[in-house]
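Down below is the structure, laid out as structure tokens.
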Amino acid sequence: MGSLRNPVGPLPSSIYWRRRAVAASLAVLVAVLVVWALLSGGGGGGKGDEGRNGSSPAPSEITPGPSGSGPAISEAPGGREEPGGSGGDDGKNGDSAAPGGGQGGTGSGSGSGGAGADGGGTQGGTGAGGTAAGGLVPADSPLPNCPPGALRLTLTSEKNRYAPGEKPKFRLLVRNASATTCKADLGPKHAVLTISAEDDDVWASDHCPRGAGTLLVRVPAGGSVTHTVEWDRRGSQPQCVPGKPGPAAEPGTYLVEVAVPGAKVLPASFTLAKD
Numbered sequence: 001m002g003s004l005r006n007p008v009g010p011l012p013s014s015i016y017w018r019r020r021a022v023a024a025s026l027a028v029l030v031a032v033l034v035v036w037a038l039l040s041g042g043g044g045g046g047k048g049d050e051g052r053n054g055s056s057p058a059p060s061e062i063t064p065g066p067s068g069s070g071p072a073i074s075e076a077p078g079g080r081e082e083p084g085g086s087g088g089d090d091g092k093n094g095d096s097a098a099p100g101g102g103q104g105g106t107g108s109g110s111g112s113g114g115a116g117a118d119g120g121g122t123q124g125g126t127g128a129g130g131t132a133a134g135g136l137v138p139a140d141s142p143l144p145n146c147p148p149g150a151l152r153l154t155l156t157s158e159k160n161r162y163a164p165g166e167k168p169k170f171r172l173l174v175r176n177a178s179a180t181t182c183k184a185d186l187g188p189k190h191a192v193l194t195i196s197a198e199d200d201d202v203w204a205s206d207h208c209p210r211g212a213g214t215l216l217v218r219v220p221a222g223g224s225v226t227h228t229v230e231w232d233r234r235g236s237q238p239q240c241v242p243g244k245p246g247p248a249a250e251p252g253t254y255l256v257e258v259a260v261p262g263a264k265v266l267p268a269s270f271t272l273a274k275d
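Position one of the sequence shown corresponds to residue 1 (full-length UniProt numbering), numbered consecutively onward.
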């Protein structure tokens with residue numbers, strides 16, 4: 001009965017052609033989709049490469065800033081000294097004075113100020129040790145000694161007032177007004193730094209310095225060197241033991257002076273605040 005309702009036998013040829021057309025259309029559609037996918041993938045990759053190569057920022061270059069061309073020294077006569085300097089004859093390098101007294105100086109400088117790092121060594125006084133390196137010259141350096149009249153010195157305190165426990169810093173600007181590069185002794189026995197309160201000496205760099213007590217520094221012609229001294233807030237006595245801390249300084253107002261043969265330097269004042 002089923003065969004009578006749905007007769008089985010060959011179908012009309014039009015049905016076969018219709019099926020073949022549908023199959024061919026599907027094949028063409030699949031081929032088109034494959035080609036489109038390949039082209040889209042390749043184009044996207046190219047755009048990605050272009051994005052990576054073109055739109056991404058180039059790595060930034062870090063270049064060192066201008067470095068000081070003159071002597072860079074650190075040393076310690078009873079604290080820590082950190083001298084620095086301007087360069088030689090071709091440019092100008094300003095030195096602004098810190099508050100606390102004295103006046104700033106200006107030195108010219110773009111030439112190299114480093115010479116004879118062999119002169120580096122350790123210097124120190126009561127209360128602390130330190131190192132000295134860069135811008136120093138050895139004792140047998142062929143550089144002539146700076147004539148006293150050629151040097152212009154200015155002493156300043158970094159601050160007018162120091163908080164409890166804060167170590168005062170003092171700057172000695174040494175300018176060479178002559179046309180000849182020379183060496184100057186800024187050691188604790190030659191450039192004697194003294195701190196006093198009410199006319200009583202509290203600390204002096206020449207009381208018990210470590211080593212020979214000399215610090216020969218190259219000062220360029222027309223240039224300057226800034227010698228920074230950090231005080232450890234400890235007192236000292238003549239012939240004291242190097243490295244042995246003295247009594248702690250009391251709060252109050254102090255006067256700092258420096259004595260250099262043949263040079264006149266104005267003192268500076270500062271205050272140690274109470275707790």
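Think of the CB as a built atom: it goes at the ideal place given N, C-alpha and C, for glycine as much as any other residue. Quick caveat, the model's predicted, so the values are computed rather than measured.
Euclidean distance between Cα positions of Lys183 and Asp275: 43 Å
Through-space distance from Ser25 to Trp17, alpha-carbon basis: 12 Å
CB of Gly246 within 8 Å of CB of Gln239, strictly: Taking 8 Å as the Cβ cut-off, Gly246 and Gln239 do not qualify as a contacting pair.
Where Ser236 falls: helix, strand or coil (DSSP): coil
Whole-angstrom distance between Trp203 and residue 278, CA atom to CA atom: Look at the range of the chain in this structure, 1 to 275, and you will see that residue 278 is not part of it.
Residues sharing a beta bridge with Lys169, DSSP: Glu230
Asp232 classed as buried or exposed, judged by whether at least 16 other C-beta atoms fall within 10 angstroms: buried
Euclidean distance between Cα positions of Leu153 and Thr228: Each residue's Cα considered, the two are about 13 Å apart.
Where Ala24 sits in the DSSP three-state scheme: helix
Arg52 (DSSP reduced to helix, strand or coil): With a pLDDT of only 47 at Arg52, under 50, the local geometry of the prediction cannot be trusted, and the value read off the model is given with reservation. Arg52 falls in the helix class under three-state DSSP.
Among Ile15, Leu38, Leu255, Val265, nearest to Asp161 - alpha-carbon criterion: According to the sequence as given, residue 161 is Arg; it is not Asp. Considering only alpha carbons, the answer is Leu255.
For Thr253, the first and last residue of its enclosing beta strand (DSSP E): 252-259
Pair within 8 Å by beta-carbon distance, Gly165 and Arg218: No, they are not a contact pair.
When Val258, Gly213, Pro251, Val225 are compared against Pro242, the one with the closest alpha-carbon: Gly213
Where Ser224 falls: helix, strand or coil (DSSP): strand
Alpha-carbon to alpha-carbon, Val258 and Asp185: 13 Å
N-terminal and C-terminal residue of the beta strand (DSSP E) that Thr180 is part of: Looking at the DSSP string, Thr180 is not in any beta strand (DSSP E), and its letter there is neither H nor E.
Top-ranked residue by Cα proximity to Ala248, from Leu272, Leu216, Leu33, Val192: Leu272
Identity of the residue in Ile15, Val260, Lys169 nearest Gly187 by Cα: Val260
Cβ neighbour criterion (16 or more within 10 Å) applied to Pro144: exposed
Endpoints, beta strand (DSSP E) assigned at Leu155: Leu155 -> beta strand (DSSP E) spans 151-157.
Helix, strand or coil at Ser205 [DSSP, three-state]: coil
Leu193 (DSSP reduced to helix, strand or coil): If DSSP states are grouped into helix, strand and coil, Leu193 belongs with the strands.
Nearest-angstrom Cβ-Cβ length linking Leu216 and Ala139, presumed shorter than 8 Å: Contact flag correct, Cβ pair sits at about 6 Å.
Proximity below 8 Å, CB of Ala150 to CB of Thr181: No, these two residues do not count as a Cβ contact at 8 Å.
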